[in-house]
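Down below is the structure, laid out as structure tokens.
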Amino acid sequence: MNRPALGLIFFGRFIKEDLKPDTFIFNALLKSLCSQNRIYKAVTMLLNKMACPPDVVSYNIVIDGFCKKGAVSKAFSLFKQMLSVGIMPNVVTYNSLINGLCMTGEIRRAEEVLRQMQSRGYYPNVVTYSSLINGLCKDGEIEKAEELLHDMVSQGLQPNVVTYTTLMDGFYKKGLLDKAVEMLQCMANNGHDPDVVTYNVIMDALCKEEEIKEAEKLLHDMKSRGKDPDVHTYNILIDGLCKTNKFGKVKKLLDEMVSKEILPDTVIYNVIVDALCKKGDAEEAEKVLYHMLGKGVAPDVITYSSIINGYSKLGWWKDTIRVFKD
Numbered sequence: 001m002n003r004p005a006l007g008l009i010f011f012g013r014f015i016k017e018d019l020k021p022d023t024f025i026f027n028a029l030l031k032s033l034c035s036q037n038r039i040y041k042a043v044t045m046l047l048n049k050m051a052c053p054p055d056v057v058s059y060n061i062v063i064d065g066f067c068k069k070g071a072v073s074k075a076f077s078l079f080k081q082m083l084s085v086g087i088m089p090n091v092v093t094y095n096s097l098i099n100g101l102c103m104t105g106e107i108r109r110a111e112e113v114l115r116q117m118q119s120r121g122y123y124p125n126v127v128t129y130s131s132l133i134n135g136l137c138k139d140g141e142i143e144k145a146e147e148l149l150h151d152m153v154s155q156g157l158q159p160n161v162v163t164y165t166t167l168m169d170g171f172y173k174k175g176l177l178d179k180a181v182e183m184l185q186c187m188a189n190n191g192h193d194p195d196v197v198t199y200n201v202i203m204d205a206l207c208k209e210e211e212i213k214e215a216e217k218l219l220h221d222m223k224s225r226g227k228d229p230d231v232h233t234y235n236i237l238i239d240g241l242c243k244t245n246k247f248g249k250v251k252k253l254l255d256e257m258v259s260k261e262i263l264p265d266t267v268i269y270n271v272i273v274d275a276l277c278k279k280g281d282a283e284e285a286e287k288v289l290y291h292m293l294g295k296g297v298a299p300d301v302i303t304y305s306s307i308i309n310g311y312s313k314l315g316w317w318k319d320t321i322r323v324f325k326d
């Protein structure tokens, strides 16, 4: 039996035995229901009060649940109902609504909620600004997102790793790679240690622009700061190296992965196989296939298709048929 179901049984027993559960227990059950995608059951409990008067936290839990589900209109209906029963919202309430609107691309409405929030005497925090910056970046309004970052700092709030990473990704998507790299430096200068996700965003951008040397420098910087590359880091770099025909360095990275007990996956091997075939080296690609099998990594349709296409382009039909049969 799952936890929400068990929680409902205990809650029912409380009421049946005329024991009133406190708000803490009530809210814990609401949170559990929302996390298990049983939000409508949570709403029923909230509105029927279930022998326990809800508080601002109760409403926040369900409003946030609706926002994360993309049902922002239902979140606003609950927000209005909350006000009608005399429960005042707090910063957490507004943050959920703003984030929900940003997730659904309603950035103008999100800005309107921010103004409403401020007019009621609530100060936006790092979460508020980060949600809006994310929404603006998704909407392609990177200049406005940067302005919001400066506004945030002027309010005495320190951007976090997520805020910086979001902006870096936004800069790159607008073709402003230099600004993205500059933001990484700014982040480090302000005492924020970039995490693996941050490094991966910039490395991916550099590799797509074929700035492989810069990506390799970033890998070195990452390691010197005590950050261990993950499988995505290696995926990004190996893809970049393959596209620039630097297969010697690919071999070194694969060896490094194995030494760190990070097993290359099918995606990485497919990138290498495809690059070798495009280079006209289908024989070497087939060796990679057997190496991959030896490591217990299962090839997929993409792996075999790349090798078959590679041999076909060379006119080596016997090899094409052999691989196809294998």
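Residue numbers (the UniProt record's numbering): 1 to 326. The beta-carbon is built from N, C-alpha and C at its ideal position, and this holds for glycine as well. Since the model is a prediction, treat every value here as computed from it, not as a measurement.
(request) Return the CA-CA distance between isoleucine 307 and tyrosine 269, expressed in angstroms with no decimal places. (result) Going from the Cα of isoleucine 307 to the Cα of tyrosine 269 covers about 12 Å.
(request) Count the other CB atoms, across all protein chains shown, that sit within 10 Å of the CB of serine 73; report buried if there are 16 or more and exposed otherwise. (result) Of the other Cβ atoms in all chains shown, fewer than 16 fall within 10 Å of the Cβ of serine 73; this residue is therefore exposed.
(request) Would you check if the distance between the CB atom of isoleucine 262 and the CB atom of tyrosine 234 is smaller than 8 Å? (result) Against a cut-off of 8 Å, the Cβ pair of tyrosine 234 and isoleucine 262 comes out as a contact.
(request) Classify asparagine 205 as buried or exposed, calling it buried when 16 or more other Cβ atoms lie within 10 Å of its own Cβ. (result) According to the sequence provided, residue 205 is alanine. The question's asparagine does not apply to it. Flag for alanine 205 reads buried.
(message) Only counting the same chain, and skipping five residues up and downstream in sequence, which positions put a Cβ closer than 8 Å to that of phenylalanine 79?
(response) Apart from sequence neighbours up to five positions away, the residues of its chain that approach phenylalanine 79 with a beta-carbon distance below 8 Å are Tyr59, Ile63, Pro89, Thr93, Leu97, ordered along the chain.
(message) Distance check for valine 153 and alanine 75, CA to CA, integer angstroms please.
(response) Each residue's Cα considered, the two are about 30 Å apart.
(request) Please work out which residues of its chain come closer than 6 Å, Cβ to Cβ, to leucine 8, disregarding the five sequence neighbours upstream and downstream, and give them in chain order. (result) Here leucine 8 scores only 45 on pLDDT, less than 50, and its place in the model should not be relied on; the value that follows carries that caveat. Excluding residues within five positions, none has a Cβ falling inside 6 Å.
(message) For asparagine 99 and cysteine 137, which I take to be in contact (beta-carbon distance under 8 Å), what is that distance rounded to the nearest angstrom?
(response) The beta-carbon separation of asparagine 99 and cysteine 137, rounded to 14 Å, does not stay under the 8 Å limit for a contact.
(message) For serine 312 and asparagine 245, what's the separation of their Cα atoms in angstroms?
(response) Here the alpha carbon of serine 312 sits roughly 21 Å from the alpha carbon of asparagine 245.
(message) Comparing C-alpha positions only, which one of Leu177, Lys31, Asp281 sits nearest to valine 142?
(response) Rather than valine, the amino acid found at residue 142 in this sequence is isoleucine. Considering only alpha carbons, the answer is Leu177.
(request) State whether the segment 251 to 265 contacts the segment 279 to 287, with contact taken as three or more CB pairs (one from each stretch) at a distance under 8 Å. (result) No: fewer than three Cβ pairs fall under 8 Å.
(message) When you compare the CB positions of valine 161 and proline 124, do they come within less than 8 Å of one another, or not?
(response) Result no, Cβ atoms of valine 161 and proline 124 do not sit closer than 8 Å.
(message) Judging by CA-CA distance, which residue of Phe171, Pro53, Gln118 is the nearest neighbour of methionine 82?
(response) In terms of Cα proximity to methionine 82, the closest of Phe171, Pro53, Gln118 is Pro53.
(message) As a quick exercise: from Val273, Lys227, Glu284, pick the residue whose alpha carbon is nearest that of methionine 260.
(response) Sequence inspection shows lysine at residue 260; the methionine mentioned does not correspond to that position. Nearest C-alpha to lysine 260: Lys227.
(message) In the DSSP assignment, the alpha helix (DSSP H) including isoleucine 202 goes from what residue to what residue?
(response) Where isoleucine 202 is concerned, the enclosing alpha helix (DSSP H) stretches over 196 to 208.
(message) For aspartate 169 and leucine 184, what's the separation of their Cα atoms in angstroms?
(response) Near 11 Å, if we compare the C-alpha coordinates of leucine 184 and aspartate 169.
(request) Please report how far the alpha carbon of phenylalanine 171 lies from the alpha carbon of leucine 149, in whole angstroms. (result) Looking at the two C-alpha atoms, the distance is approximately 13 Å.
(request) Give the straight-line distance between the Cα atoms of residue 374 and alanine 285, rounded to the nearest whole angstrom. (result) Outside the modelled stretch of the chain, which goes from 1 to 326, sits residue 374, for which no answer is possible.
(request) Grab me the residues of alanine 275's own chain with a C-beta within less than 8 Å of its C-beta, minus the 5 sequence neighbours each way, in chain order. (result) Cys242, Lys243, Asn245, Phe247, listed in sequence order.
(message) Let's test the definition: count the other Cβ atoms within 10 Å of the Cβ of lysine 31 and tell me whether it reaches 16, buried, or not, exposed.
(response) It is buried - the Cβ of lysine 31 has at least 16 other Cβ atoms within 10 Å.
(message) Here's the rule: buried if 16 or more other CB atoms are within 10 angstroms of the residue's CB, otherwise exposed. What is glutamate 146?
(response) So glutamate 146 counts as buried.
(request) Quick one: grab the DSSP three-state call for leucine 263. (result) DSSP places leucine 263 outside both helix and strand once states are collapsed to three, so it counts as coil.
(request) Name the two residues that bound the continuous alpha helix (DSSP H) containing aspartate 221. (result) Where aspartate 221 is concerned, the enclosing alpha helix (DSSP H) stretches over 212 to 224.
(request) Tell whether a beta-carbon distance below 8 Å holds between isoleucine 202 and leucine 218. (result) Pairing isoleucine 202 with leucine 218 gives a Cβ-Cβ distance under 8 Å.
(message) Within a Cβ cutoff of 7 Å, which residues of the same chain sit near glutamate 112, ignoring the five residues on either side of it in sequence?
(response) For glutamate 112, where only same-chain residues beyond five positions count, there are no Cβ hits under 7 Å.
(message) So the candidates are Gly140, Gly294, His192; which of them puts its Cα closest to the Cα of glycine 105?
(response) The residue with the shortest Cα to Cα distance from glycine 105 is Gly140.
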